[in-house]
Every structure is written in C-alpha cells, then in structure tokens.
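Asks:
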Amino acid sequence: MRIRRSKGSRAIGLFALIALLLSSHASFAGGPFVIDSAGQPAVWSTAHSVPFHTDLGPLGLLTNAEAIALVEEALQVWEDVPSSSITFAAAGSLPFDVTGSNVFDILDVLGDGISPVVFDHDGSVIDAVFGIGASRSVLGFTAIEFGQSDRILEAQAVLNGSVLDGDPTNPDVSRESFLATIVHEFGHYMNLDHSQINGELAFDGDVSNDDGLPTMFPIASDSATKTTLHLDDIATVSTLYPGQNFSTSTGSIEGEIVLGNGTTPFQGANVIARRTGDPIHDAVSYVSGALFSNTFGGGSSDPAFKGLYTIAGLPPGDYTVEVEQIDPTFTGGSSLNPLDPPAMLPGPEEFYNGENEAGSMGLDDPSEATTITVAAGAIVDGIDILFNTIAADDSDIGLALVLTKFKHKIRAIGDRITAKLRVTNVGGVVLTGPTSIQMWISSDDILDPNSDDLVAMAEIQAGDFPLGKSVNVKLKPQGLASVDGTFAIFVIESADESEQQAALENRVLQDIGGRGCVKDSFRLEQESNNTVTQAQSLGKIGLNECVTVTGVLTNNKTGVVRDEDVFQLTVKQPTTLEIILTHDAADNFDAFVFGPTGQAGLCTEMAGEETCSFLVLDGENIPLDIIISPFVGVGTYTLDVQTTVVEEAEVEINVFPLP
Numbered sequence: 127m128r129i130r131r132s133k134g135s136r137a138i139g140l141f142a143l144i145a146l147l148l149s150s151h152a153s154f155a156g157g158p159f160v161i162d163s164a165g166q167p168a169v170w171s172t173a174h175s176v177p178f179h180t181d182l183g184p185l186g187l188l189t190n191a192e193a194i195a196l197v198e199e200a201l202q203v204w205e206d207v208p209s210s211s212i213t214f215a216a217a218g219s220l221p222f223d224v225t226g227s228n229v230f231d232i233l234d235v236l237g238d239g240i241s242p243v244v245f246d247h248d249g250s251v252i253d254a255v256f257g258i259g260a261s262r263s264v265l266g267f268t269a270i271e272f273g274q275s276d277r278i279l280e281a282q283a284v285l286n287g288s289v290l291d292g293d294p295t296n297p298d299v300s301r302e303s304f305l306a307t308i309v310h311e312f313g314h315y316m317n318l319d320h321s322q323i324n325g326e327l328a329f330d331g332d333v334s335n336d337d338g339l340p341t342m343f344p345i346a347s348d349s350a351t352k353t354t355l356h357l358d359d360i361a362t363v364s365t366l367y368p369g370q371n372f373s374t375s376t377g378s379i380e381g382e383i384v385l386g387n388g389t390t391p392f393q394g395a396n397v398i399a400r401r402t403g404d405p406i407h408d409a410v411s412y413v414s415g416a417l418f419s420n421t422f423g424g425g426s427s428d429p430a431f432k433g434l435y436t437i438a439g440l441p442p443g444d445y446t447v448e449v450e451q452i453d454p455t456f457t458g459g460s461s462l463n464p465l466d467p468p469a470m471l472p473g474p475e476e477f478y479n480g481e482n483e484a485g486s487m488g489l490d491d492p493s494e495a496t497t498i499t500v501a502a503g504a505i506v507d508g509i510d511i512l513f514n515t516i517a518a519d520d521s522d523i524g525l526a527l528v529l530t531k532f533k534h535k536i537r538a539i540g541d542r543i544t545a546k547l548r549v550t551n552v553g554g555v556v557l558t559g560p561t562s563i564q565m566w567i568s569s570d571d572i573l574d575p576n577s578d579d580l581v582a583m584a585e586i587q588a589g590d591f592p593l594g595k596s597v598n599v600k601l602k603p604q605g606l607a608s609v610d611g612t613f614a615i616f617v618i619e620s621a622d623e624s625e626q627q628a629a630l631e632n633r634v635l636q637d638i639g640g641r642g643c644v645k646d647s648f649r650l651e652q653e654s655n656n657t658v659t660q661a662q663s664l665g666k667i668g669l670n671e672c673v674t675v676t677g678v679l680t681n682n683k684t685g686v687v688r689d690e691d692v693f694q695l696t697v698k699q700p701t702t703l704e705i706i707l708t709h710d711a712a713d714n715f716d717a718f719v720f721g722p723t724g725q726a727g728l729c730t731e732m733a734g735e736e737t738c739s740f741l742v743l744d745g746e747n748i749p750l751d752i753i754i755s756p757f758v759g760v761g762t763y764t765l766d767v768q769t770t771v772v773e774e775a776e777v778e779i780n781v782f783p784l785p
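Residue numbers (this note's numbering): 127 to 785.
#1: How far does the alpha helix (DSSP H) with Ser-250 in it extend, from its first residue to its last?
#2: What does Ser-757 pair with, by DSSP beta-bridge criteria?
#3: Per the DSSP calculation, Tyr-412 is bridged to which residue(s)?
#4: Provide the residue span of the beta strand (DSSP E) that contains Leu-690, from first to last.
#5: Cβ atoms of Ile-270 and His-314: under 9 Å apart, would you say?
#6: Need the endpoints of the alpha helix (DSSP H) that Ile-194 sits in, please.
#7: Start and end of the alpha helix (DSSP H) containing Val-658?
#8: Could you spell out the range, first to last residue, of the alpha helix (DSSP H) harbouring Glu-311?
#9: Look at Gly-439 and Ser-211 and say whether their C-beta atoms are less than 9 Å apart.
#10: Using only CA atoms, which one of Leu-580, Tyr-367, Asp-510, Asp-404 lies nearest to Pro-468?
#11: Just mark Pro-294 as buried or exposed, buried being the case when its beta carbon has 16 or more other beta carbons within 10 Å.
#12: Measure how close the beta-carbons of Asp-490 and Glu-481 come, nearest whole angstrom, since I'm counting them as under 8 Å.
#13: By Cβ distance below 6 Å, which residues in the same chain neighbour Ala-168 in space, the five residues on each side in sequence not counted?
#14: Using DSSP with H/G/I as helix, E/B as strand and the rest coil, what is Val-160?
#15: Per DSSP, Lys-602 forms a beta bridge with which residues?
#16: Counting C-beta neighbours from all protein chains within 10 Å, is the total for Gly-239 16 or more, i.e. buried, or is it exposed?
#17: Mapping DSSP to helix, strand and coil, what is Val-771?
#18: Comparing alpha-carbon positions, which option in His-356, Thr-770, Val-500, Val-767 lies nearest Ala-409?
#19: For Glu-631 and Gly-331, I'd like the C-alpha separation in whole angstroms.
#20: Looking at the secondary structure, which residues open and close the alpha helix (DSSP H) in which Ala-216 lies?
#21: Considering Ser-373, what are the terminal residues of the alpha helix (DSSP H) in which it resides?
#22: What residue range is occupied by the uninterrupted alpha helix (DSSP H) comprising Ile-437?
#23: What whole-angstrom Cβ distance do Ile-511 and Ile-437 have, given they're in contact under 8 Å?
#24: Straight-line CA distance for Gln-166 to Thr-762?
#25: Using 9 Å as the threshold, is the C-beta distance between Ser-219 and Asp-181 below it?
#26: Bridge partners for Gly-381 per DSSP, in chain order?
#27: Taking the beta carbon of Glu-382 as the centre, do at least 16 other beta carbons fall within 10 Å, making it buried, or is it exposed?
#28: Helix, strand or coil for Thr-496? Go by DSSP, reduced to three states.
#29: Are there 16 or more other CB atoms within 10 angstroms of the CB of His-174, so buried, or fewer, so exposed?
#30: Please report whether the beta-carbon of Ile-323 lies at a distance below 9 Å from any beta-carbon of chain D.
#31: Where DSSP assigns a beta bridge to Pro-391, which residues make up the other side?
#32: Can you give the Cα-Cα distance for Asp-571 and Val-299, rounded to whole angstroms?
#33: Please classify Asn-286: does DSSP put it in a helix, a strand, or coil?
#34: For Thr-701, count the other beta carbons within 10 Å of its own beta carbon; 16 or more makes it buried, fewer makes it exposed. Which is it?
#35: So for Leu-357, helix, strand or coil by DSSP?
#36: Pro-749 and Leu-695 - do their beta-carbons sit closer together than 9 Å?
What follows is the structure, encoded as structure tokens:
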C-alpha cells in the first residue's frame, strides 16, 4: 500500500499547515519548508527540549497510554540522530479530551504555550477542521506557529485514529505504517520539507528496497523501513538543529543552478549529491533557490539566493551532483518549497561535468559526471550546473520535418514517447549541428513560452536525419503523463532558443489532440489500489474533461482476496458522467460507482466494451469511488471517464442509488 503525504496551507493565524493524505503517487525535494524574509528557515530554540502536550483520549483501538507510547517511539527516532541536537519533552496533558465538538478550543490558539498532539479517536476532529468526510482521506496534519523571527513558538499535530479502529468497511493501516506516519509528521513539526530522493523505488512494486527512500518522502508504504531515517533525513534535521560535531565531521557542496547563458539563476531544480560507493543510501538533496522568495509568502527577496543550493551533512567521500525535475503533479496540497506549481526544467536532467560544464548539448554531455571529493569539515563551493539550453549551431539548417506518427506510452516509472519524423531538404544548409525537438503543451497552434509548458525534448545531432527517410526520435519526458492539454511539437532551429521562442518562429509540426476534451489526461494504474483507503486518485474532473486509466486485474477467485482496482475522483459540478470499460472479449469485468450516499450504480455486460452513464446532480466537488472488479477472466483493461452537460442518464447518483 502506498499513502501519499502532501502538504498545504490555510489561514490559521500565524500557523503553517502540513497535511498527510490517504491517496497515491508521488514526490518532493529535501530541506526546510517555512522560510522567513531574511532567508532563514524557521526552527525551534535548542536551548530547551521541544515541548508536546498529549491528548487524554484513545486513538482508534489504542488506549491513551499506547497512543502516547507510539508518539514517544516516533520522537525517539529523531532524538537518536547523533549529529543533531534536537530533543523533545512531554510537557503534560491537554486540559480535556479533544473531539470534533471542541477541537477549536485547543487548535489554532496562538500564544497559549500549548503544543497539542491530538488523538482523533474516530476522525471527527479532522472532519471538523477540513469538512465532513475528510477523515476518509487525511491521516493527520501538522502545523507550526512562528512569529516575526525565525523561531518556532508552538506546534500542533492531529493523528487520525479512524484508520486504527478495526472497522472492516474502512480498512486499517498497519502499526508500522502508522508509526512511520508519526515519524514523518514530527519531521514537519521541526520544519522539515518532503524529499524526492530515489523516487523510482517508490513505484517499482518492491517494498524490499524501500530503505532507499527517505522518511520524508511524500508516499508512505507498509514497509517497516520508513521508521529508519535515510541519510537525507539525517542531513536535513542536523542542518536545522546541528549537534556539536556536525560541522566538523561532515562536509558540504555548494553552487548555483543557472541557464545556458551562465548568468541567469534557476529556482526550483532538485539537486542531489550521491556518494559513489552507495549512491542510493548515501544521497542528500536540496532545491535550488529554496531560500529565495517563494509562492507560500516566505523567503528572501535578495536575487543572490535565487539559484543557490547548499547540500550539507555529507560524510567524507567522492560524490556526483545532478539536477532533476520535481514532479509537476505536486501542486496545491501537494506542493513544495519554493514553487507551486513546480518549475519545469529548461533543459534535460544532467550531472555536474567539471571543466566540461557548458550550456550546450554539443559541448556538455548531460550523462557524464565529474566526481567531487568531500572532506570532513570542508565546503566544496563553485559546483555550478548550466542547463543545456543553447544549440551549438547558429545557421539556418534548411530542413523540413514532417510528423508522421506519435506514440506515447505510460509505464510504471515514467513515460516513453516516440515521434516519427520524415526529413526533407527545403534548400540552404543541411543540418550541421544539434537541433532541439521539443514537445509542448499548448492551447493553440502557436508556441507561447510564457504560458505553455515544455514537457519533453530531444537533441538531434548532425547525421541523424537521412534525407527522405523516416526517423524515430525518442523524446525524454518531463512529466507529460500528469499534464492535461493539447500536445504540439516544435523544432528549435536556432542557437538563440529564447529569441526564436519569443518571436514564435518555431514550426508547429502537428497538434496531438485527445478525444475533443477540454482536458484529456492519461494515467497508468498504480498498485496497490485494491481498497477505498488505498484508492488511486484521479483528481478533479469538470465539464467536457476526460481521464483514461490503463490497468490490470490479476485474480478473480473466490475464497481469497480478489484483485479489485479502486479509483477516486471528484466531480466539480452537476454533470453527466460517462464510463467506458474496455477489456478482452473473453473476460467479464464490472465497474461499480459509489457516490456520497453509497452504491450508485453498476456498469456490467458479459464481455467486451461496456458503456454506462450516470447523473451527478447535487452540489459541487462531489467525491466518487469507481471500483473495477473481475467476474470472469483476468487481464488488462482501459477505463475511460468523460463528463458532459447534464442530460438523461441510466442512474442518478445522488437521487436513487441502486440497492
């Protein structure tokens, strides 16, 4: 099971809120979350232990004593970091048992000297804070109170006991998973942000390698390894709360992330230092420009901070440094410091390449890395990375590229994108230097870099285009699977890429549209999603929008746990919801739709393609569950969901749900 940890913000006085959600998918970069106007992270004073006040009631099936013991076990994980000075102290109990009816008598009370840890026994506290039904999706949340300085004054944490209540209709999470949740939440309690280290391990279906994921990774699993801190967690908490020997026993790497011109700083790239002997476990990350002005209202306005990064807490050894894209799906409640939405990298992901570091693919191979030796107590600075944003040739290459085929395949890890191009010579000089083939999300036929998103690209070398032949170009994706819109491919033929984009002189080869939807997103089923609490989120869907999911069912036997896939989506407004379930003709798969009042309808036929429509009439932002269940056979399927204007349908979801 994967549980998404995401954060958000709302008006709670001077509190910054970080919530943990029950859903699935993806990732952030390490470092602090709350930054003051001087560019300093908010921290607790280490002159005394960090206080916490525990609730009086139970937590699900746990007694109050058992719940307190679980909290203390989680806090001990952080206290045991030898390079950190952080300690915690039980400051007593809350004055009353907190419930949904009295929660605001203890939460968001500024300056009362109380840092409550609330045991939300039945989910009523979370429902009171976020709205009825929120306890189905929120495991807990943390908030910190900070004043005009960089000091944290108070904090608060709420833990959802409804996932520990033994109710078979709302499956529980394991004790180890919930313990990992508390460890993670108290990371936020200290102002630690999420981390994107080794994100590919979260989606490979193998929990045995999850020890390569940080505790502050946004997605939790049932693996017990998440109660053990990764080096990235250790380095971050030690940087915020350094122990006596931290600065002398570890080293740091500093530098700046800039565009290909070598001068323009870039904010929002995930920078990772990996020790060569064990690059999975000995890795630490930081986001460029984390201390600069951010979209959360904090950070310094000093432009000198914009592209800077500092990776501290590195054990002595040889390291490589790389930049990677932050997952573009992390917005709103899943956003990260410093930018919401995340910045798209202006060039391919790459390693620091020493003397060969340059802003052009022709001069700097992004896959080549130069090792950096880090000594204890030393800072290695000047490790600047230039994105490959400049083409090596400035001539008019005189080529016409005609797009003849487009293939986009979403895999369990990343996308595979191929564009088949036929090349002709239209006069002038034939290709003598690299050309950039770029895929953008565009609302029309014209590229507007100020509003459109670069989602994939490839650099084509001279000689790769035989005239009159078709060539398959493999585009490296930058989050295409998660971006809705109209696809368009552009050819950048000049060395001055920015000038060409600004002048809109790029040749549009072909728009890659969907099914006529305003928004059309394509997803791959993420295991495990076989219960409502493990459901895969498909996000919000409005009028004339589409979502497609490709999945697989592996077990239809009775007497054992049947493989069923559960998806959740939110319908923004009254609509007609059309569901098309396509599978092999020899199989019989059913689609159940559940609205807020229970089962809403069944979409079933003996075989092949099944199409059903449902009326969603009441209110706004209506949550729905769609369950795909095998009746006969196993195998792959495609689930298409589309919304249109309200008209007659087979079932009115909020009017008369089927029995």
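Note that CB positions come from ideal geometry on N, CA and C, so glycine has one too.
Replies: Taking the coordinates as given:
#1: Position 124 of the sequence shown, counted from the first residue, corresponds to residue 250. 250-256 is the extent of the alpha helix (DSSP H) around Ser-250.
#2: As a position in the sequence shown, residue 757 is number 631, starting the count at 1. It is Phe, not Ser, that sits at residue 757 in the sequence shown. Phe-757 pairs with nothing; no bridge assigned.
#3: For this step, residue 412 is matched to residue 286 along the sequence shown. Beta-bridge pairing links Tyr-412 to Val-397.
#4: Along the sequence shown, read from residue 1 onward, the residue named residue 690 stands at position 564. Note on residue identity: the sequence assigns Glu, not Leu, to residue 690. Segment: none, Glu-690 is in no beta strand (DSSP E) and carries neither H nor E.
#5: The residue you call residue 314 lines up with position 188 of the sequence shown. The residue you call residue 270 lines up with position 144 of the sequence shown. Taking 9 Å as the Cβ cut-off, His-314 and Ile-270 qualify as a contacting pair.
#6: Position 68 of the sequence shown, counting from 1, holds the residue named residue 194. Its alpha helix (DSSP H) spans residues 190-205.
#7: Here residue 658 corresponds to residue number 532 of the sequence shown, with the count starting at 1. Unbroken run through Val-658: none, as it is neither H nor E.
#8: Here the question's residue 311 lines up with position 185 in the sequence shown. From DSSP, the alpha helix (DSSP H) with Glu-311 extends over 301-315.
#9: The residue given as residue 439 occupies position 313 in the sequence shown. The residue given as residue 211 occupies position 85 in the sequence shown. The answer is no: Cβ separation not under 9 Å.
#10: If you number the sequence shown from 1, residue 468 lands on position 342. The residue with the shortest Cα to Cα distance from Pro-468 is Leu-580.
#11: Position 168 of the sequence shown, counted from the first residue, corresponds to residue 294. Classification of Pro-294: exposed, given that the 10 Å Cβ count is below 16.
#12: Taking the first residue of the sequence shown as 1, we reach residue 490 at position 364. Taking the first residue of the sequence shown as 1, we reach residue 481 at position 355. With 8 Å as the limit, Asp-490 and Glu-481 do not qualify as a contact, their Cβ atoms being about 10 Å apart.
#13: Along the sequence shown, read from residue 1 onward, the residue named residue 168 stands at position 42. Correct list, in chain order: Val-160, Phe-272, Asp-276, Ile-278, Asn-317.
#14: Taking the first residue of the sequence shown as position 1, residue 160 is located at position 34. Residue state, collapsed to three classes: coil.
#15: Here residue 602 refers to the residue found at position 476 of the sequence shown. In the DSSP output, where bridge partners are listed per residue, Lys-602 has Met-583.
#16: Numbered from 1 along the sequence shown, position 113 holds the residue referred to as residue 239. Gly-239 comes out exposed.
#17: Numbered from its first residue, the sequence shown carries residue 771 at position 645. Correct three-state label for Val-771: coil.
#18: For the purposes of this step, residue 409 is identified with residue 283 of the sequence shown, where counting begins at 1. Out of His-356, Thr-770, Val-500, Val-767, His-356 has the C-alpha closest to the C-alpha of Ala-409.
#19: As a first step, residue 631 must be located in the sequence shown, where it is residue number 505. As a first step, residue 331 must be located in the sequence shown, where it is residue number 205. Residue confidence is low: Glu-631 scores 33 on pLDDT, short of 50, so the model does not pin down where it sits. No coordinate-derived value is stated.
#20: Start at 1 with the first residue of the sequence shown, and residue 216 comes out as number 90. Ala-216 -> not in any alpha helix (DSSP H); beta strand (DSSP E) instead, spanning 214-219.
#21: Counted from its first residue, the sequence shown places residue 373 at position 247. Run containing Ser-373: 372-375, per the alpha helix (DSSP H) assignment.
#22: Working through the sequence shown from its first residue, we reach residue 437 at position 311. Where Ile-437 is concerned, there is no enclosing alpha helix (DSSP H), although the beta strand (DSSP E) it sits in stretches over 434-440.
#23: The residue you call residue 511 lines up with position 385 of the sequence shown. The residue you call residue 437 lines up with position 311 of the sequence shown. Not quite, the Cβ-Cβ distance comes to about 12 Å (not below 8 Å), so this is no contact.
#24: In the sequence shown, counting from the first residue as 1, residue 166 sits at position 40. In the sequence shown, counting from the first residue as 1, residue 762 sits at position 636. About 51 Å.
#25: The sequence position of residue 219 within the sequence shown is 93, counting from 1. The sequence position of residue 181 within the sequence shown is 55, counting from 1. In contact: Ser-219 and Asp-181 (Cβ atoms closer than 9 Å).
#26: Translated into positions along the sequence shown, residue 381 becomes position 255. Answer is Tyr-435.
#27: Residue numbering aside, residue 382 sits at position 256 when the sequence shown is read from its first letter. The residue in question, Glu-382, is buried, as its Cβ has 16 or more Cβ neighbours within 10 Å.
#28: Taking the first residue of the sequence shown as position 1, residue 496 is located at position 370. It is coil, neither helix nor strand.
#29: Residue 174 sits at position 48 when you count from the first residue of the sequence shown. It is exposed - the Cβ of His-174 has fewer than 16 other Cβ atoms within 10 Å.
#30: Although the question refers to chain D, the structure presented lacks it and comprises just one protein chain.
#31: Taking the first residue of the sequence shown as 1, we reach residue 391 at position 265. Bridge partners of Pro-391: Val-384.
#32: Working through the sequence shown from its first residue, we reach residue 571 at position 445. Working through the sequence shown from its first residue, we reach residue 299 at position 173. The predicted position of Asp-571 is uncertain, since its pLDDT is 48 and thus under 50; no value can be drawn from it.
#33: Position 160 of the sequence shown, counted from the first residue, corresponds to residue 286. Three-state result, Asn-286: strand.
#34: Residue 701 sits at position 575 when you count from the first residue of the sequence shown. Thr-701 comes out buried.
#35: Taking the first residue of the sequence shown as position 1, residue 357 is located at position 231. In the structure shown, Leu-357 sits in a helix (DSSP, three-state: H, G or I).
#36: Mapped onto the sequence shown, residue 695 falls at position 569. Mapped onto the sequence shown, residue 749 falls at position 623. Cβ distance < 9 Å, so Leu-695 and Pro-749 count as in contact.
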